[in-house]
Structure formats: C-alpha cells, structure tokens
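Q: Each number in this note's numbering comes from the position in the sequence shown (counting from 1) with 22 added on.
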Amino acid sequence: MGLPKANRLKHRRDFVAVYEQGIRRHSRYLILRALLEVSINDSLVTEPTRIGISISQKVSKKAVIRNRIKRQIRAVFRELLPYLPGGWKIVIVVKPKASECKYEHFLRELKQLLIEAEIINGY
C-alpha cells in the first residue's frame, strides 16, 4: 500500500522546485530536501504535505531492490504522516549505501532528518 494520492509528489516541476529552492539535510543513507509551499491567498486551508522518493541505479542495478527500498520508505512516511504539518514538499534521495538498510534504519534516519529540518518537533 502506497501513500495517499493527496500526499504524493508526482510532477517534474515540483521535484525541480524542491531541488532548486528547498533546504537540504543528509544522513548516512538518505538525503532530505524540503520546501515549504507559500500560500498565495493566505487562506486557512493548507495543502497536505507531499512526498517524493528518488532512487537511482547507483543504489542497485536490480529494480527489485530499488522497489523494496521505496516501499520501506513509503511505509515509514505512512507512520509519520500524522505528525507532519501541511504545506511541505519533501523529496527523499537514497544514497548508494542504503541497499544494506532495514526498515528500522530508515525510520530512525527519517525521523532525525525531519527534526533537523524543523519539519516536525523532536519528542
């Protein structure tokens, strides 16, 4: 089961905007890039946080391994979604060493990266 449709970052222009204007935090296995969307009309309705995952063939030549890593990262975000405030665009870039990671590593690292980027509060 993937992320809800409203929480998916799908378009190339969104990825490019996050890469060009967003903040960057990194850990051993992951790079987090995030951009806070600015509301034009300052309404109380905010967009939901949207998440994209970027993983290259440098991580593994096998699509099975790359897809397993993406599934694990999506599962971590499904768990963290209630804690994420609205209005963020987040791109996770997977480093080549991540093929040896387990779910718990991704959970710990993503929590730490989100706290460092001040997207969620440390608790």
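Heads up, the beta-carbon is just placed ideally off N, CA and C, and yes, glycines get one too.
Here's the rule: buried if 16 or more other CB atoms are within 10 angstroms of the residue's CB, otherwise exposed. What is R35?
A: Label assigned to R35: exposed.
Q: May I have a chain-ordered list of the alpha helix (DSSP H) segments no shorter than 4 residues that lie completely inside the stretch 61 to 142?
A: The qualifying runs are 85 to 102 and 125 to 138.
Q: Please state the DSSP three-state secondary structure of R50.
A: The answer is coil: DSSP assigns R50 none of H, G, I, E or B.
Q: Smallest Cα separation from L54: which of R90, I112 and R100?
A: When each option's Cα is compared against that of L54, the closest is I112.
Q: Comparing C-alpha positions only, which one of Y51, R50, I73 and A56 sits nearest to P26?
A: The candidate whose alpha carbon is nearest that of P26 is I73.
Q: What separation, rounded to the nearest whole angstrom, lies between the Cα atoms of Y51 and T68?
A: Each residue's Cα considered, the two are about 31 Å apart.
Q: Taking 7 Å as the limit between beta carbons, can you name the residues of its chain near I77, skipping five residues before and five after?
A: If we look at I77 and ignore the five residues flanking it on each side, its Cβ neighbours are R88, I91, K92 and V116.
Q: For I142 and K32, I'd like the C-alpha separation in whole angstroms.
A: Whole-angstrom Cα-Cα distance: 23 Å.
Q: Apply the 10 Å Cβ neighbour rule to V86 and answer buried if 16 or more other Cβ atoms are within range, or exposed otherwise.
A: It is exposed - the Cβ of V86 has fewer than 16 other Cβ atoms within 10 Å.
Q: Which value, in whole angstroms, describes the spacing of the CA atoms of S49 and E138?
A: Approximately 10 Å, taken between the alpha carbons.
Q: Looking at P104 and T71, is the spacing between their C-beta atoms short of 8 Å?
A: No.
Q: By Cβ distance below 8 Å, which residues in the same chain neighbour R30 in space, the five residues on each side in sequence not counted?
A: Around R30: G24, R72, I73 and G74.
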